[in-house]
Ligand SMILES: [Zn+2]
């Protein structure tokens, strides 16, 4: 169990550090390599093996979610983390398989956090702010629930037992709407927003590049083959790319252009010069023995780096990258 003990961490942070080591040495010894966990590698299709899109990046003291689709919050629990551990949530687009567990994240974080943690920082394309209001405002979907938890004595008792001091505040995520070209800076990371090619103009669709002291990650979100992804991913250690379809099987040009397919991904990874290509978002019809191997083999004809067939709860670091599914 590697979950950061939330209340324990709060208590420990107030303790003096009795050590002779220099601050720099302490920081060095305490430094944990950035870790990427694939929480959801599936699609909108129901699956117990693959939840919908979500990726957890633990960098420094921050725990960042990239998308949080259907069922992925359960995967987060399986890693030992809880909603209160998450500091930032970024959304590439508002297809439900990328954002349906947003409400669960916010409500559980608010409820369990008991006003003792900062509100969640949320970034995504418009209309993420409207979605947030429609979910959590007084007249929103969860408005009556939130009011009950704030005002009923039984909920006040529970809130106080968790360390809160009534009256409690409403959940109020710090929402910032982002577009391609925006840059968000954290304590030890920088996230650059890129353009995905997917289902515009119905939904704005973004991709992300995350640069850390350990290495760089690009996440395509949902995207077809695209020069903008190549540019965004240039020189990255890891590219997580939608690999929805087997190349050449698209029912229409529009379908082919909107979703990632394996030969396009091979070209993208090679042109971008990434070290490792992680394939995710595969429909069940290609997530099969022999087809998987054929896809990886054909990608390796074009792409000289490492190819990983992503699975839920797989972990990667920038160092090797080490890939494991047994870390939790
Ligand atoms: Zn999508």
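Residue numbers (the numbering used here): 1315 to 1642.
Backbone N, C-alpha and C fix where the C-beta goes; we use that ideal spot for every residue, glycine too.
Computed from a predicted structure; not experimentally measured.
- For residue 1614, the enclosing alpha helix (DSSP H) stretches over residues 1605 to 1616.
- Note on residue 1533: 16 or more other CB atoms within 10 angstroms of its CB, so buried under the neighbour-count rule.
- A distance filter of 5 Å between CB atoms and the heavy atoms of ligand 1 selects the following residues in sequence order: 1409, 1536.
- The beta carbon of residue 1561 lies closer than 6 Å to those of 1575, 1576, 1577 in the same chain, with the five residues before and after it left out.
- Runs of beta strand (DSSP E) with 3 or more residues, each lying fully within the stretch 1360 to 1446, are found at 1368 to 1373, 1376 to 1382, 1402 to 1404, 1435 to 1438, listed in chain order.
- The bridge partners DSSP lists for residue 1532 are 1523, 1553.
- Within the stretch 1575 to 1608, the alpha helix (DSSP H) runs of at least 4 residues that lie entirely inside it are, in chain order, 1576 to 1586.
- Between residue 1372 and the set 1502, 1474, 1437, the nearest pair of CA atoms involves 1502.
- Annotation for residue 1508: the continuous beta strand (DSSP E) segment containing it runs 1503 to 1509.
- Taking C-alpha positions only, residue 1476 is separated from residue 1482 by approximately 12 Å.
- Within the same chain, and ignoring the five residues on either side of residue 1506 in sequence, the residues whose Cβ sits closer than 6 Å to its Cβ are 1497, 1523.
- The beta-bridge partner set that DSSP reports for residue 1548 is empty.
- Bridge pairing for residue 1354: 1368 [DSSP].
- With a 10 Å radius around the Cβ and a threshold of 16 neighbouring Cβ atoms, residue 1394 comes out exposed.
- Taking C-beta atoms as the reference points, residue 1414 and residue 1438 fail to come closer than 8 Å.
- Exclusion of the five residues before and after residue 1356 leaves 1364, 1365, 1366 as the residues of its chain whose Cβ lies within less than 6 Å of its Cβ.
- With contacts defined as CB atoms closer than 8 Å, residue 1624 and residue 1594 qualify as a contacting pair.
- Taking a C-beta distance under 8 Å as the contact criterion, residue 1521 and residue 1543 qualify as a contact pair.
- For residue 1499, the enclosing beta strand (DSSP E) covers residues 1497 to 1499.
- Going by DSSP, residue 1491 is part of the beta strand (DSSP E) stretching over 1488 to 1491.
- According to DSSP, residue pairing for residue 1483 in a beta bridge does not occur.
- Note: residue 1621 is bridge-paired with 1591 in the DSSP secondary-structure output.
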